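A.B. asks:
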Amino acid sequence: MRKISKKWLPLLMVAVVGLVGLPGLAQSSLFSQKFALEPLETQTHAQVGVPRLNASLDQLELSFKRKLPGRSGGSRGDDLVSPIAPGLLDYVIWSDRPSFFWWTEATSNVALQKLELFQDQLRAESLWEKPLANADQKAEYNGRALQHGQKYFWNLTWSQQKPTSGTGITLTTLNRKFRVMAAPERNQIAVDLQMIANKLRAAKASEEAIAIQQAAYFTERGLLSDALQVLGQVKNPSVEMTKTLQRLIQESINTLYPPPKK
């Protein structure tokens, strides 16, 4: 091989730099293979980074708001608490061990009492009951799996002082009805969710990133209660995920069950 004369080296370096700067080369060959961005669903948590992860939360929030149903037809009146999911956001849910979400007025002196779950046709005795603390914003059902295709309703009970009751304390109970999705649709969703999780875990994605993608899957199908549940079950969530979940609940109550006009 002929040796390149030292006097030509500067010109050769200029030529190489110029070629690397060409748009055509930057989009092909090993250069682009090393630095091209992968789709979000195939990126690892390290590749995504906080800015990209937050961007996907922003996208989820916008999609969730677009999927919110119209107003329920009334306002929440003087009530400082409102059950949200399941039942207000949607009637049919996928999970047979649902999470229950409610909204509480931040400045109120509400005393939460309990949450009760009933089968629709068996109203005499609750299937499951949980005492609540005032700071609670959700509860995870930990009883037997609910029957697929079966209708249920849940009661949320709290005490508060209402303007209409003078100085007395009023005990209030509101309920929401829902139905657990029946097979085979439910089974297909289970397969899809597992595929999402397997694909992202293979790419070493974080559990939070997996939850965001699964919540997006539910949201696109109008299963908003299940989307909230997936987000709410993330262990040690980021600050941004916690804030996103709080905003979704606030947006839900403002859209579906707004305060009375003053």
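Position 147 of the sequence shown, counted from 1, bears residue number 147 in my numbering, the numbering being contiguous throughout.
The beta carbon of each residue, even a glycine, is placed where N, CA and C say it ideally should be.
Just so you know, these numbers come straight off a predicted model, no measurement behind them.
1) Please specify which runs of the alpha helix (DSSP H), each continuous and at least 4 residues long, are wholly inside the stretch 152 to 223, giving them in chain order.
2) Considering only residues of the same chain and omitting the five flanking positions on each side of D192, which have a CB-CB separation below 8 Å?
3) Bridge partners for I93 per DSSP, in chain order?
4) Roughly how many angstroms separate the alpha carbons of T112 and Q161, rounded to a whole number?
5) Under three-state DSSP, which class holds L117?
6) Going by beta-carbon coordinates alone, are Y91 and R179 separated by less than 8 Å?
7) Rounded to a whole number of angstroms, what is the C-alpha to C-alpha distance between Q27 and A209?
8) Where does T104 fall in DSSP's three states?
9) Taking only the alpha-carbon atoms, compute the straight-line gap between S56 and I212 and give it to the nearest angstrom.
10) Give me, in chain order, the residues of the same chain whose beta-carbon lies closer than 6 Å to that of K177; leave out the 5 immediate sequence neighbours on both sides.
11) Give the straight-line distance between the Cα atoms of S66 and S108, rounded to the nearest whole angstrom.
12) Starting from E125, trace the alpha helix (DSSP H) in both directions and tell me its first and last residue.
13) Roughly how many whole angstroms lie between the Cα atoms of T172 and A205?
14) Measuring alpha carbon to alpha carbon, tell me which of D79, R123, L117 and R144 ends up nearest P131.
15) Check the C-beta distance from L122 over to F100 and give it rounded, since I have them as a contact under 8 Å.
16) Just to confirm, is the Cβ distance from A85 to L245 under 8 Å?
17) State the DSSP-derived secondary structure class of A227, mapped to helix, strand or coil.
C.D. replies: Judging by the given coordinates:
1) Listed in chain order, they are 185 to 202 and 207 to 220.
2) Correct list, in chain order: Y217.
3) Residue pairing by DSSP places I93 opposite V180 in a beta bridge.
4) Strictly speaking, residue 112 in this sequence is Leu, with Thr absent from that position. Rounded to whole angstroms, L112 to Q161 spans 12 Å at the Cα level.
5) In this structure, DSSP gives L117 an extended state, which the three-state scheme calls strand.
6) Contact flag set, yes.
7) The predicted position of Q27 is uncertain, since its pLDDT is 35 and thus under 50; a value taken from the coordinates is nonetheless stated next. The straight-line gap from Cα to Cα measures roughly 28 Å.
8) The answer is strand: DSSP assigns T104 an E or B state.
9) Going from the Cα of S56 to the Cα of I212 covers about 8 Å.
10) Once the five neighbours on either side are set aside, the close Cβ partners of K177 are G87 and F153.
11) In the sequence on display, residue 66 carries Arg and not Ser. C-alpha of R66 to C-alpha of S108: approximately 29 Å in a straight line.
12) Segment: none, E125 is in no alpha helix (DSSP H) and carries neither H nor E.
13) Taking the straight line from one Cα to the other gives about 44 Å.
14) For P131, the nearest C-alpha among the options comes from L117.
15) Contact flag wrong, Cβ pair sits at about 19 Å.
16) No, Cβ-Cβ distance for A85 and L245 is not below 8 Å.
17) Assigned with DSSP and collapsed to three states, A227 falls in helix.
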